[in-house]
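In our numbering, the protein residues as written are 1 to 518.
No residue lacks a Cβ here, since even glycine has one placed at the ideal position from N, Cα and C.
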Amino acid sequence: MVVVGVQSGPAAAQPDPTRESGATALELSPAQRVDAIKSAQADAASEAGALGLGAQEKLVVRDVIKDADGTVHTRYERTYAGLPVLGGDLVIHQAPAGARSVTKATTARIAVPSTDAELPAATAKSSALKAASAEKTAKAAADTAPRKVIWAATGKPVLAWETVVKGVQTDGTPSELHVVTDAATGKQLFTDEAIEAGTGTGKYNGSVTLGTTKSGTTYNLTDGGRGGHKTYDLNQGTSGTGTLFTDADDVWGGGRQSAAVDAHYGAAETWDFFKNVLGRNGIKNNGVASYSRVHYGNNYVNAFWSDSCFCMTYGDGSGNANPLTSLDVAAHEMSHGVTAATANLTYSGESGGLNEATSDIFATAVEFYSNTASDPGDYLIGEKIDINGDGTPLRYQDKPSKDGASKDYWSSTLGNIDVHYSSGPANHFFYLLSEGSGAKTINGVSYNSPTYDGSTVTGIGRDKATQIWYKALTTYMTSSTNYAKARTATLSAAGALYGTTSAEYKAVGAAWTAINVK
1 MVVVGVQSGP
11 AAAQPDPTRE
21 SGATALELSP
31 AQRVDAIKSA
41 QADAASEAGA
51 LGLGAQEKLV
61 VRDVIKDADG
71 TVHTRYERTY
81 AGLPVLGGDL
91 VIHQAPAGAR
101 SVTKATTARI
111 AVPSTDAELP
121 AATAKSSALK
131 AASAEKTAKA
141 AADTAPRKVI
151 WAATGKPVLA
161 WETVVKGVQT
171 DGTPSELHVV
181 TDAATGKQLF
191 TDEAIEAGTG
201 TGKYNGSVTL
211 GTTKSGTTYN
221 LTDGGRGGHK
231 TYDLNQGTSG
241 TGTLFTDADD
251 VWGGGRQSAA
261 VDAHYGAAET
271 WDFFKNVLGR
281 NGIKNNGVAS
291 YSRVHYGNNY
301 VNAFWSDSCF
311 CMTYGDGSGN
321 ANPLTSLDVA
331 AHEMSHGVTA
341 ATANLTYSGE
351 SGGLNEATSD
361 IFATAVEFYS
371 NTASDPGDYL
381 IGEKIDINGD
391 GTPLRYQDKP
401 SKDGASKDYW
411 SSTLGNIDVH
421 YSSGPANHFF
431 YLLSEGSGAK
441 TINGVSYNSP
451 TYDGSTVTGI
461 GRDKATQIWY
471 KALTTYMTSS
481 TNYAKARTAT
491 LSAAGALYGT
501 TSAEYKAVGA
511 AWTAINVK
């Protein structure tokens, strides 16, 4: 594969006529975003008072989104007596005419009898290490001393310890297991794996244009037009940053460079999609890029996003022969970063399924947006990797159960299965909202999407479905959003974008009903 690298200047987003003008988020420069957050933080105490929060509660601004119609959505984390409140996040929606509403991760009042822990930190650490052992985490060790928190994500808020245990998962993926332990009883309240992994393979994009930078007499994989995204060679290592890829003539490809080209291209296409289609300036909306690491480990058949390094990492597959750097995998992993920077959906239970589905949804949207000749858009996830050995993809959005494990519809037990499979109903919702039910062929791929109740769903188009999901994620979802709350969030988004009497709003409701979320 021969790839011509082109030094690119700042990427200029062109107005997208498919984007709505009223409730669509304005594109803020990094400086404007910083100013908006500072201004909101200055008003945080008065906002806490207006919400009726207790004297020991404070609000910490995470993000501010301003819509074209003047509506402002301010996302907050919460503290209690100086301690982080896990599951206490909320979003205040302020309309220009004065109307206000609030989306909360929990409606429980945050209060505990004391912030003095009965259970010592050492005991919580020991319990967390046992939890990691139960997950078969190798080389498990507490990253830092346990921190005292208020656990409010489920049930009555309690004082707790949060311990982060780092190690290695059974397939070679790094582990960053967050374990929450009741500080009074020692009961394990929650575990959350922070390393969000997917699967794919590389060498699929053919001849593409890359953003590179010249330094002296050589070129390197630094994309100056997209926040300075860099791509590194880990050279089969499993830690650190690795070595930045360089080339003498800016013609990239072949050997170890092939994986780097695919990863670098996938990051660029994903950046462009979020900027040009959704008006988002990078993962955190601050114009700053993440980075990519390829050639991770030996025979590592996976790829993952890590919020702690703010990076995507790709293995080389079985026999180190097939780097996992396909376009939809790159978009999937980078989208995990967007979720972490916005709703921060907990990677467990139903919210974990929605987290995974969000990455699949945006991966599909990026494929269609990119329109790469060698990998045209489809509603199949990981269709290029042939991990099953028979040409079938990892996941299907039109009928998720075709993979043999994912669920087509919501049920009360959905939160008990692996998040990659509980993502099925949300993927199914997105397909139905985009394309509708029944048999059809798109870009040469045949689909036949069923519904739970036998109803017929008419799609509103992928562009509008993507806009609705993105707005729901960034302004109406919280860390604990489940499927029922996702229905509410997307209806709120559709109502804001298109009106509550619109065909789009009605289609959202019909698509949720069609997967048994009412």
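Out of P393, I195, R100, H332, the CA that lies nearest to the CA of T71 is found in R100. With respect to G88, A152 sits close: the two C-beta atoms are nearer than 8 Å. For V208, the closest alpha carbon among the candidates I92, T441, P157, W252 is that of W252. Burial is judged here by how many other beta carbons sit within 10 angstroms of a residue's own beta carbon; K485 has at least 16 and is buried. DSSP, reduced to helix, strand and coil, places G237 outside both helices and strands of the structure shown, so it counts as coil.
By the 16-neighbour rule on beta-carbons within 10 angstroms, L26 is exposed.
If you ignore the 5 residues before and after Q56, its C-beta comes within less than 7 Å of the C-beta of Y80, A81, all in its own chain and listed in chain order. Bounds of any alpha helix (DSSP H) do not take in R293; it lies within the beta strand (DSSP E) bounded by 291–296. Taking 8 Å as the cut-off, the Cβ atoms of G459 and E435 count as close. Residues of the same chain with a CB within less than 6 Å of the CB of P84, apart from the 5 flanking positions on each side, are V149 in chain order.
If you compare the alpha carbons of T474, T451, A426 with that of R487, the shortest gap goes to A426. The C-beta of A50 has fewer than 16 other C-beta atoms within 10 Å across all chains shown, which makes the residue exposed. Its Cα nearest to that of I92, the residue Y76 stands out among Q467, T115, Y76.
Under the 10 Å beta carbon count, E383 is surrounded by 16 or more other beta carbons and is classified as buried. For the set P113, K104, Y369, the Cα lying nearest the Cα of T478 is the one of K104. Separation of A97 and D69 (C-alpha to C-alpha, rounded to the nearest whole angstrom) is 10 Å.
Per DSSP, I150 is one residue of the beta strand (DSSP E) stretching across 147–151. Under the criterion of beta carbons closer than 8 Å, T456 and G444 do not qualify as touching, at roughly 24 Å.
Counting only the Cα atoms, D116 lies some 22 Å from A142. As far as DSSP is concerned, P393 takes part in no beta bridge. Taking a contact as a CB-CB distance under 8 Å, the pair E269 and L327 counts as one, their CB atoms being some 7 Å apart.
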